[in-house]
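Numbering (this note's numbering), first residue to last: 11 to 827.
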């Protein structure tokens, strides 16, 4: 197989205008225009509104390339186009060679007849996706409704493009276009590999790997299929027929090294190479046995992942595209965000259905880091057409994506969509004629998407929608916690108190969340200081959830005293977010094996914004992420207080064997005096929980407003800590703590910060303003006589003196008079 790589520098031209600028491929229109000074930074202030015209224009990418006679002598010369966004017409030397209308498909066009020896020109016309969607909406026999967001390009559900490009309730509206994947010419006479995928058969101390290659041959002929797997090589002669061929060869691995999710073992990967007809595909695979266990029981329908025979409690978050500008979606950005997920003890990421099938780097990194991937198909929060052309296109899309991705050991589940089943009840049109829209839903979700998954990967379960109760179940899983997965949004969308999380017992909660503001460092990247106010226009522009800032403020007044100044408001919004998600995660974890997973909304942002994320745009950790590092710890100590003022202390373990745990409980008043101490030795079952002690509040303090509780656990080296207030924080008379810090060089390039206090201080947070990096621990209770040393890991070399000058310490009592 011969290749001509067409990535690099192209020209970008406006069809109905005068703009003509360089453009990088892979890359997008908006990034090219921004680099050329043709548009302002869309992330600053409300510049987003000034660049909406870009998505309403048609654009042409062009470049030249050289072809030699050796390539033209081959039987087949084809153009490979992956991730063309979205409605395109492709020409070579002025001849139309192909069209595309689905950015999630790979297209291969025969182009030999249009090439010439020497210099050639390729041009790709990108039609406005926004204009196309509007035009298609006018041709519909009946409305296909979709969700409405504050800034939006309409009818994104009618075209196969990243849904959130059109705006979301956390996302900027940038209708980008461009070339994001591989684009090259390939030439062959004997055959080209279309897909390679494997199927594993596990037995004690052995794994048989069936390796399948799908090959397209121009004229057929004899060749050899060669498979390399680790140190093993197998081969056999093959006679290709003209057209499509599927060939398989099995390799037996004795004593395989098994791949495990993060926190449960290592992630060994085997090199796989497949050669046939002069073409070759290489990848890395992990050997592991994975099942989604959904069984009827006395509660309803279970939902848990079993890896190598061990039931795994899924700990993770939902993932959106890492940047609204595709050119900025680099391996370095993926690595930074996914490393932060691993550092927070996560073992699963849900690729949400309003985003994209991610770039190869994402899945490779998840394989390496042990992050299971719940993979949605790209349908979200809308109804969709069920026309023959649409169904055919999405069927081919899913076949391609599943065959491409299925060998990644990280892939745990194929899910048909995000909330589209529930969306049937959201719109006037679908409520008035539910049968029509339910039939459409079944045609595209089960008929096109589900059948493609069944065909392309029979080794995994197809889960039709998130949330749902499985195939054939059309019940309401926003409110039914007994079957499958659920989304629980009562605390945020319905303004319920945090203890509402105690009212449900999900089998698996795949979405729940609470918002906060990003840090002042991040806010300063999109707003001038005169806008540092929660109701300032720019601050509201960077809040896409209707009434979102009001929800944050109203909830804050329930639990806290009103803070002084915008910086304290921002800090307290992050405290509040962390406490909300802590409440749900820790309560549901102690309910295993009834509940076997929590994926909060959301891990990351695609632009700087007020949102549900735990990682800000740029990767800075919010307080929620620090809290999740503890809440998702392999061993967890947690404290719950119900509405009858009963307090329970629990220890949870994810370890594969029973552990002995030492638990230390301490009740103190707000001056720092100890009121009660107890120590316990408890046995914690493998993958389970145990009750340490149950109290009534009045056994611990005479008045709920006068004291708090600390808990620490050491389970054979696994440690964890937490604290608990017996009433709302605003009702307690906290002491004015004086915190001192000492900064010095630490190990391995880290900077050690030692904190001490004269009075109890709560939600103590260290921040190094203007210097990228994270602490190994943060957001904790600090009490007199117990110094705490935390280590700052900078992303670039800095001195202890630089860290000391930039160090800021915040705690709850310092936020108000």
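In this text, a Cβ means the ideal position worked out from N, Cα and C, and glycines have one as well.
Given residue 66, which residues of its chain have a CB within under 7 Å of its CB, disregarding the five upstream and five downstream residues?
Result list for residue 66: 138, 140, 141, in chain order.
Which residues in the same chain as residue 748 place their Cβ atom closer than 8 Å to its Cβ, once the five residues preceding and following it in sequence are excluded?
Here the set comprises 767, 768, 769.
Taking C-alpha atoms, which residue in 393, 111, 92 lies nearest to residue 99?
Of the candidates 393, 111, 92, the one whose C-alpha sits nearest the C-alpha of residue 99 is 111.
Between which residues of its own chain and residue 679 is the CB-CB distance below 7 Å, once the five residues before and five after are set aside?
Excluding sequence neighbours, residue 679 sits near 685, 716, 717.
Pick from 398, 448, 472, 377: whose alpha carbon is nearest that of residue 412?
Out of 398, 448, 472, 377, 472 has the C-alpha closest to the C-alpha of residue 412.
Taking the alpha carbon of residue 198 as the point to measure from, which residue in 488, 162, 120, 783 has its own alpha carbon closest?
Among 488, 162, 120, 783, the Cα nearest to that of residue 198 is on 120.
Write down every uninterrupted run of the alpha helix (DSSP H) in the stretch 121-194 whose length is 4 residues or greater and which is fully enclosed by it, in chain order.
Runs found: 139-147.
If you check the beta carbons only, do residue 569 and residue 739 fall under 8 Å apart?
Cβ distance < 8 Å, so residue 569 and residue 739 count as in contact.
Taking the CB atoms as reference points, tell me whether residue 187 and residue 168 lie closer together than 8 Å.
Against a cut-off of 8 Å, the Cβ pair of residue 168 and residue 187 comes out as no contact.
Where does the unbroken alpha helix (DSSP H) through residue 358 begin, and where does it stop?
No alpha helix (DSSP H) holds residue 358; the beta strand (DSSP E) holding it covers 358-361.
Between the Cα of residue 553 and the Cα atoms of 592, 617, 788, which residue gives the shortest distance?
Taking only the C-alpha atoms, the option nearest residue 553 is 617.
Spell out the partners DSSP gives residue 18 in its beta bridges.
35, per the DSSP bridge assignment.
Three-state secondary structure (DSSP) at residue 280?
Of the three classes helix, strand and coil, the one that applies to residue 280 here is strand, per DSSP.
For the beta strand (DSSP E) that contains residue 825, what are its first and last residues?
Looking at the DSSP string, residue 825 is not in any beta strand (DSSP E), and its letter there is neither H nor E.
Could you give the residue range of the beta strand (DSSP E) that holds residue 717?
Unbroken beta strand (DSSP E) run through residue 717: 717-725.
Please work out which residues of its chain come closer than 7 Å, Cβ to Cβ, to residue 244, disregarding the five sequence neighbours upstream and downstream, and give them in chain order.
The residues are 237, 259, 261.
Considering just the uninterrupted stretch of the alpha helix (DSSP H) at residue 443, what are its terminal residues?
It is not in any alpha helix (DSSP H) - residue 443 carries neither H nor E in the DSSP assignment.
Output yes or no for whether 8 Å exceeds the beta carbon distance between residue 497 and residue 520.
In contact: residue 497 and residue 520 (Cβ atoms closer than 8 Å).
Residues in the same chain with beta-carbon distance under 8 Å from residue 270, minus the five sequence neighbours each way, listed in chain order, please.
Counting only Cβ-Cβ distances below 8 Å, and skipping sequence neighbours, we find 276, 277, 298, 317, 318, 380.
Ignore the nearest five residues each way along the sequence and tell me which others in residue 708's own chain have a CB closer than 8 Å to its CB.
Cβ neighbours of residue 708 beyond the five flanking positions: 655.
Which residues share a DSSP beta bridge with residue 2?
The structure shown does not extend to residue 2, since the chain is modelled only from 11 through 827, so no value can be given for it.
In the structure shown, what three-state DSSP assignment does residue 40 receive?
Residue 40 falls in the helix class under three-state DSSP.
Would you kindly check if the distance between the Cβ of residue 792 and the Cβ of residue 771 is under 8 Å?
In contact: residue 771 and residue 792 (Cβ atoms closer than 8 Å).
Should the stretch 431-445 be regarded as contacting the stretch 397-416, the criterion being three or more beta carbon pairs within less than 8 Å?
No, the stretch 431-445 is not in contact with the stretch 397-416.
Sorted by chain position, which residues of the same chain lie with C-beta nearer than 7 Å to residue 460's C-beta, five sequence neighbours on each side aside?
Closer than 7 Å at Cβ, skipping near neighbours: 426, 472, 474.
Three or more C-beta pairs under 8 Å: does that hold for the stretch 610-629 against the stretch 343-351?
The stretch 610-629 is in contact with the stretch 343-351.
Would residue 559 be called buried (16 or more neighbouring beta carbons within 10 Å of its own) or exposed?
Result: buried.
Would you mind stating whether residue 350 and residue 393 have Cβ atoms separated by less than 8 Å?
Contact flag unset, no.
Ordered along the chain, which non-local residues of its own chain (more than five positions away) have a Cβ less than 6 Å from that of residue 31?
Excluding residues within five positions, the ones whose Cβ falls inside 6 Å are 22, 42, 46.
Using the Cα positions of residue 404 and residue 651, report the straight-line distance between them to the nearest angstrom.
Answer to the nearest angstrom: the Cα atoms are 48 Å apart.
Are the Cβ atoms of residue 590 and residue 501 separated by less than 8 Å?
Taking 8 Å as the Cβ cut-off, residue 590 and residue 501 qualify as a contacting pair.
With a threshold of 8 Å, are at least 3 pairs of Cβ atoms found where one atom belongs to the stretch 690-697 and the other to the stretch 582-600?
Result no; under three Cβ-Cβ pairs closer than 8 Å.
Identify the continuous beta strand (DSSP E) that holds residue 221 and give its terminal residues.
Here the beta strand (DSSP E) through residue 221 covers 216-227.
How about residue 587 and residue 524: do their beta carbons lie closer than 8 Å?
In contact: residue 587 and residue 524 (Cβ atoms closer than 8 Å).
Just mark residue 18 as buried or exposed, buried being the case when its beta carbon has 16 or more other beta carbons within 10 Å.
Result: exposed.
Considering Cα atoms alone, identify which of 744, 745, 782 is closest to residue 761.
Looking at the Cα atoms, 782 is the closest of the given residues.
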